[in-house]
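Written out below as structure tokens is the structure these notes cover.
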Amino acid sequence: MIDITLSKMFGTFPVDRRFKVDLILKVFSVGVFLFCASELRACFVLQNLEVGEMVKVILDEIGASMRLMVWLSQLTAVWVKDKSVLNSLHVQNTSTFIGLLASVTICLGFPILEGVLSVSITDFFTYSRFLPAGLTRSVLCLILNQFIVGVNSLTKDFDDRMYPGLFESMVFQKEILKRARKLNEFYKVQLLFCSASLFFTLTCESYYLIARFSETSRPFFSNDIFRMMVLAEESMWFALAFFWLFKLVSSCEKFHEKMDDFNDQIYNAIKKNDLLKTNKKLQLCAIKRPNVIFTACRFFNIGYPLVTSIIAAAATIHLKVVMNGFPILEGVLSTSITDFITYDRFLPAGLTRSVLCLILNQFIVGVNSLTKDFDDRMYPGLFESIAFQKGILKRARELNDFYKVQLLFCSASILFTLTCESYYLLARHSDKSVPMQLSDYFSMIVLVEESMWFAVTIFWLLNLVSSCEKFHEKMDDFNDQIYDAVKRNDLLKKNKKLQLCAIKRPTVTFTACKFFNIGYPLITSIIAAAATYLIILVEFAL
1 MIDITLSKMF
11 GTFPVDRRFK
21 VDLILKVFSV
31 GVFLFCASEL
41 RACFVLQNLE
51 VGEMVKVILD
61 EIGASMRLMV
71 WLSQLTAVWV
81 KDKSVLNSLH
91 VQNTSTFIGL
101 LASVTICLGF
111 PILEGVLSVS
121 ITDFFTYSRF
131 LPAGLTRSVL
141 CLILNQFIVG
151 VNSLTKDFDD
161 RMYPGLFESM
171 VFQKEILKRA
181 RKLNEFYKVQ
191 LLFCSASLFF
201 TLTCESYYLI
211 ARFSETSRPF
221 FSNDIFRMMV
231 LAEESMWFAL
241 AFFWLFKLVS
251 SCEKFHEKMD
261 DFNDQIYNAI
271 KKNDLLKTNK
281 KLQLCAIKRP
291 NVIFTACRFF
301 NIGYPLVTSI
311 IAAAATIHLK
321 VVMNGFPILE
331 GVLSTSITDF
341 ITYDRFLPAG
351 LTRSVLCLIL
361 NQFIVGVNSL
371 TKDFDDRMYP
381 GLFESIAFQK
391 GILKRARELN
401 DFYKVQLLFC
411 SASILFTLTC
421 ESYYLLARHS
431 DKSVPMQLSD
441 YFSMIVLVEE
451 SMWFAVTIFW
461 LLNLVSSCEK
471 FHEKMDDFND
481 QIYDAVKRND
491 LLKKNKKLQL
501 CAIKRPTVTF
511 TACKFFNIGY
521 PLITSIIAAA
531 ATYLIILVEF
541 AL
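The numbering of the sequence shown is our numbering, which starts it at 1 and goes up by one.
This is the structure in structure tokens:
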């Protein structure tokens with residue numbers, strides 16, 4: 001009776017049970033966290049405890065919370081009967097909960113620490129942000145964990161419940177893909193915010209860690225013990241951000257690879273069996289290679305390229321933030337903050353360029369993936385290859401239609417960056433340039449920063465153009481092969497549709513809102529326009 005009631009509440013499929021039970025586990029975790037926070041607040045604010053008693057209260061609360069979470073995990077394991085999934089959930093829940101409890105302990109335990117460690121509450125709440133950041137990151141980690149559990153459960157179910165028959169397996173794959181699309185549709189907005197949170201966490205925490213070790217940074221706390229607690233909290237969140245990023249990406253990539261392997265098995269089975277070749281629907285399914293690519297509101301795909309994109313953008317913005325760390329730079333380099341703000345524009349330009357580079361990278365990865373798929377999965381039959389090319393071209397048009405506005409802004413950003421950075425590089429070496437009143441060391445940092453952006457802009461322009469041109473050349477080569485095959489075979493010449501396809505030479509030309517094509521002529525156009533504007537700027541400066 002109890003099992004029937006639970007099945008009606010949580011579903012009969014293992015993936016549904018894991019998903020819903022893990023959600024209940026998260027609700028209990030948040031409840032335990034709120035209870036511990038209220039207890040700590042009461043102990044710290046309403047009672048005058050000594051340091052030893054305060055540490056004992058904190059350890060008791062952490063121990064009670066961990067025991068409750070272990071009990072919930074064991075109770076869930078008895079019903080779900082999946083130790084590998086539950087062990088992973090337990091580790092993720094524990095690490096996230098400890099991070100949240102550390103943030104709250106530092107923030108709520110501050111009144112007693114004020115008397116013990118002689119720390120100013122005003123300075124603490126002015127210069128710190130532990131509680132809001134801890135709450136926000138912990139909630140996003142809980143959401144990420146739900147999505148990861150759903151993807152891993154789908155992958156595991158596809159492995160465990162694979163049917164021996166070919167048609168039954170294909171029907172089951174269709175059901176798995178349908179559930180994966182629903183999962184992605186439900187979490188698409190959350191994934192966007194979670195990815196942004198991981199990006200900002202990596203940027204901010206790396207900056208705070210550097211600021212902690214700087215001798216000239218503004219002092220946050222006067223006591224070494226509390227400074228060590230803050231350093232440990234920031235290091236932990238930095239490590240957790242990497243952990244969740246790789247966990248998210250690896251789960252999506254494993255699901256994608258599992259579907260690709262199954263599609264390869266279907267293709268090989270059809271290729272080796274003459275009877276299956278006569279089934280047109282089966283051939284069409286093998287050509288389409290059904291799969292699901294997880295996205296964050298279609299802004300970017302959740303995959304390994306996202307890791308490099310986030311790390312590259314975080315490193316770039318981190319450089320900007322460090323260079324704008326006025327208290328550090330003012331003490332180390334004897335730089336005037338007023339002159340720095342007046343004559344430079346690092347942070348807004350760095351933020352804008354980094355975001356545009358991130359968008360460009362996603363588009364380039366998409367084009368390169370289409371080119372690679374067309375190379376790796378070409379079919380031996382002529383008609384199957386033409387149908388596969390048609391599918392690739394359809395995906396390419398959808399990709400270009402989605403990124404057409406972004407490509408327009410990115411191309412304009414490349415033009416302005418080349419013009420501005422080349423002008424600033426010339427101005428640095430000009431005797432008539434505006435005096436910056438900076439030390440030689442800081443002038444070298446500024447010169448390196450501008451040279452780096454100039455080189456990075458050239459790199460992204462060449463990378464964008466080369467990826468689009470490679471795809472276009474690949475389609476042209478295939479169209480030439482079709483034309484030669486039709487020309488040499490008298491039987492194929494009688495097929496009017498095939499002749500029309502050979503004459504039309506279908507391809508896709510990537511454009512930026514149809515204002516201009518993305519190709520090699522774009523490089524010469526941008527360089528010519530940048531050189532023209534540079535000459536005008538130099539003439540006005542003289």
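Heads up, the beta-carbon is just placed ideally off N, CA and C, and yes, glycines get one too.
Can you grab the Cα-Cα spacing for the pair leucine 553 / valine 456, in whole Å?
-> Because the chain here runs from 1 to 542, residue 553 falls outside it and cannot be looked at.
What is the rounded straight-line gap between the Cα of leucine 534 and the Cα of glutamate 384?
-> On the sequence shown, position 534 is the one that residue 534 refers to. On the sequence shown, position 384 is the one that residue 384 refers to. Their backbone Cα atoms lie some 52 Å apart in a straight line.
Excluding sequence positions up to five away, which residues of its chain have a Cβ less than 7 Å from the Cβ of leucine 498?
-> What you label residue 498 is simply residue 498 of the sequence shown in a count that begins at 1. Cβ neighbours of leucine 498 beyond the five flanking positions: Val486 and Leu492.
Below 7 Å CB to CB, which residues in the same chain sit around phenylalanine 409 once its five sequence neighbours on both sides are set aside?
-> Position 409 of the sequence shown holds residue 409. Once the five neighbours on either side are set aside, the close Cβ partners of phenylalanine 409 are Leu356.
Which residues bound the alpha helix (DSSP H) around alanine 512?
-> Counting from one through the sequence shown, the residue named residue 512 turns up at place 512. Here alanine 512 belongs to no alpha helix (DSSP H), and DSSP marks it neither H nor E.
Take the Cβ of glutamate 450 as the centre, count every other Cβ of all protein chains shown within 10 Å, and call the residue buried at 16 or more, exposed below.
-> One-based indexing of the sequence shown puts residue 450 at position 450. By the neighbour-count rule (16 or more Cβ atoms within 10 Å), glutamate 450 is buried.
Around the Cβ of threonine 105, are there at least 16 other Cβ atoms within 10 angstroms (buried) or fewer (exposed)?
-> The residue labelled residue 105 in the question sits at position 105 within the sequence shown. At threonine 105 the pLDDT is 48, less than 50, meaning the model places this residue with poor confidence; the figure from the coordinates comes in the next sentence. Looking at its Cβ environment, which holds 16 or more other Cβ atoms inside 10 Å, threonine 105 is buried.
Under 6 Å Cβ to Cβ from serine 413, same chain only, skipping five residues before and after it: list those, please.
-> Along the sequence shown, one-based indexing puts residue 413 at 413. Listed in chain order, the non-local C-beta contacts of serine 413 below 6 Å within the same chain comprise Leu356, local neighbours out to five positions each way being set aside.
Candidates Ala502, Val307 and Met475, of which the one nearest arginine 488 by Cα | To locate residue 488, count along the sequence shown from 1; it is residue 488. Distance check between arginine 488 and each of Ala502, Val307 and Met475 places Ala502 closest, using alpha-carbon atoms only.
Please say whether alanine 314 and phenylalanine 199 have beta carbons closer to each other than 7 Å?
-> For the purposes of this step, residue 199 is taken as the residue at position 199 of the sequence shown. For the purposes of this step, residue 314 is taken as the residue at position 314 of the sequence shown. Yes. Within cutoff.
Look at the alpha carbon of methionine 452 and the alpha carbon of leucine 537, and state the distance between them as a whole number of angstroms.
-> Residue mapping note: residue 452 aligns to position 452 of the sequence shown, counting from 1. Residue mapping note: residue 537 aligns to position 537 of the sequence shown, counting from 1. Taking the straight line from one Cα to the other gives about 21 Å.
For leucine 192 and asparagine 543, the rounded distance between their alpha carbons | The question about residue 543 has no answer here: the residues shown for the chain are numbered 1 through 542.
So, using beta-carbon positions, are leucine 370 and alanine 396 closer together than 7 Å?
-> Taking the sequence shown and counting its residues from 1, the one referred to as residue 370 is at position 370. Taking the sequence shown and counting its residues from 1, the one referred to as residue 396 is at position 396. Yes, Cβ-Cβ distance for leucine 370 and alanine 396 is below 7 Å.
Give a yes or no on contact between the segment 178-192 and the segment 140-154, applying the rule of three or more CB pairs nearer than 8 Å.
-> yes
For valine 78, the three-state DSSP class (helix, strand or coil) = Stepping through the sequence shown from its first residue, residue 78 is reached at position 78. Unreliable placement is indicated for valine 78, whose pLDDT of 46 sits below 50; the coordinate value is still reported in the next sentence. Here valine 78 sits in helix by DSSP.
How big is the Cα-Cα spacing for proline 300 and asparagine 184?
-> What you label residue 300 is simply residue 300 of the sequence shown in a count that begins at 1. What you label residue 184 is simply residue 184 of the sequence shown in a count that begins at 1. Reading off the sequence, residue 300 comes out as phenylalanine, not proline. If I take the Cα positions, the gap works out to 13 Å.
Other residues of its chain near asparagine 361: CB distance less than 6 Å, five sequence neighbours each side excluded | Locating residue 361 in the sequence shown gives position 361, counting from the first residue. Listed in chain order, the non-local C-beta contacts of asparagine 361 below 6 Å within the same chain comprise Ser309, local neighbours out to five positions each way being set aside.
Spatial neighbours of lysine 280 within its chain, please: CB distance less than 6 Å, with the 5 preceding and 5 following residues excluded, ordered by chain position.
-> On the sequence shown, position 280 is the one that residue 280 refers to. Excluding residues within five positions, none has a Cβ falling inside 6 Å.
Going by alpha carbons, who is nearest to alanine 296 out of Lys156, Cys468 and Leu248?
-> Position 296 of the sequence shown, counted from the first residue, corresponds to residue 296. When each option's Cα is compared against that of alanine 296, the closest is Leu248.
Among Phe243, Leu209 and Asn291, which residue has its Cα nearest to the Cα of phenylalanine 172?
-> Here residue 172 is taken as the residue at index 172 of the sequence shown, counted from 1. Phenylalanine 172 has its Cα closest to that of Asn291, out of Phe243, Leu209 and Asn291.
Who pairs with asparagine 301 in a beta bridge, going by DSSP?
-> For this step, residue 301 is matched to residue 301 along the sequence shown. Answer by DSSP bridge pairing, in chain order: Thr295.
For leucine 407 versus isoleucine 526, is the C-beta spacing smaller than 7 Å?
-> Counted from its first residue, the sequence shown places residue 407 at position 407. Counted from its first residue, the sequence shown places residue 526 at position 526. No.
Please state whether DSSP places phenylalanine 540 in a helix, a strand or coil.
-> Position 540 of the sequence shown, counted from the first residue, corresponds to residue 540. If DSSP states are grouped into helix, strand and coil, phenylalanine 540 belongs with the helices.
Alanine 529, buried or exposed, once every other Cβ within 10 Å from all chains shown has been counted against 16 | As a working note, residue 529 is residue 529 in the sequence shown. Exposed, since its Cβ has fewer than 16 Cβ neighbours within 10 Å.
Distance CB(lysine 258)-CB(phenylalanine 167) smaller than 7 Å = Within the sequence shown, the letter at position 258 stands for residue 258. Within the sequence shown, the letter at position 167 stands for residue 167. No, the pair does not count as a contact, with Cβ atoms beyond the cut-off.
So isoleucine 518 is in the alpha helix (DSSP H); what residue range does that whole segment cover?
-> As a position in the sequence shown, residue 518 is number 518, starting the count at 1. Boundaries for isoleucine 518: no alpha helix (DSSP H) harbours it, and the DSSP string shows neither H nor E there.
Would you mind sorting alanine 531 into buried or exposed? The rule is 16 or more other CB atoms within 10 Å of its CB.
-> Indexing the sequence shown from 1 puts residue 531 at position 531. Per the 10 Å Cβ criterion, exposed.
Which class does threonine 122 belong to by DSSP, given the choice of helix, strand or coil?
-> Within the sequence shown, residue 122 is the residue found at index 122, counting from 1. In this prediction, threonine 122 has a pLDDT of 37, which is less than 50 and means its spatial position is unreliable; nothing more can be read from the coordinates.
My guess is that isoleucine 386 and isoleucine 482 are in contact by the Cβ rule of under 8 Å, so how many angstroms apart are they, rounded?
-> In the sequence shown, the residue the question calls residue 386 occupies position 386. In the sequence shown, the residue the question calls residue 482 occupies position 482. Confirmed, about 7 Å.
What's the gap between the Cα of asparagine 517 and the Cα of phenylalanine 294?
-> For the purposes of this step, residue 517 is taken as the residue at position 517 of the sequence shown. For the purposes of this step, residue 294 is taken as the residue at position 294 of the sequence shown. Asparagine 517 and phenylalanine 294 have their C-alpha atoms roughly 29 Å apart.
Hey, is lysine 178's beta-carbon within less than 7 Å of any beta-carbon in chain D?
-> Here chain D cannot be found, since the structure has a single protein chain.
Which of the three DSSP states, helix, strand or coil, is assigned to asparagine 489?
-> The count along the sequence shown starts at 1 and reaches residue 489 at position 489. Coil at asparagine 489, not helix or strand.
Could you have a look at threonine 417 and say whether DSSP puts it in helix, strand or coil?
-> Counting from one through the sequence shown, the residue named residue 417 turns up at place 417. It is helical.
Whole-angstrom distance between glutamate 539 and glutamate 234, CA atom to CA atom | Here residue 234 is taken as the residue at index 234 of the sequence shown, counted from 1. Here residue 539 is taken as the residue at index 539 of the sequence shown, counted from 1. So the alpha carbons of these two residues sit roughly 50 Å apart.
Determine the burial state of alanine 609: buried for a count of at least 16 other Cβ atoms within 10 Å of its Cβ, exposed for fewer.
-> The structure shown has nothing for residue 609, since the chain only spans 1 to 542.
Option in Ile266, Pro305, Lys188 and Tyr207 with minimal Cα separation from leucine 245 | As a position in the sequence shown, residue 245 is number 245, starting the count at 1. When each option's Cα is compared against that of leucine 245, the closest is Pro305.
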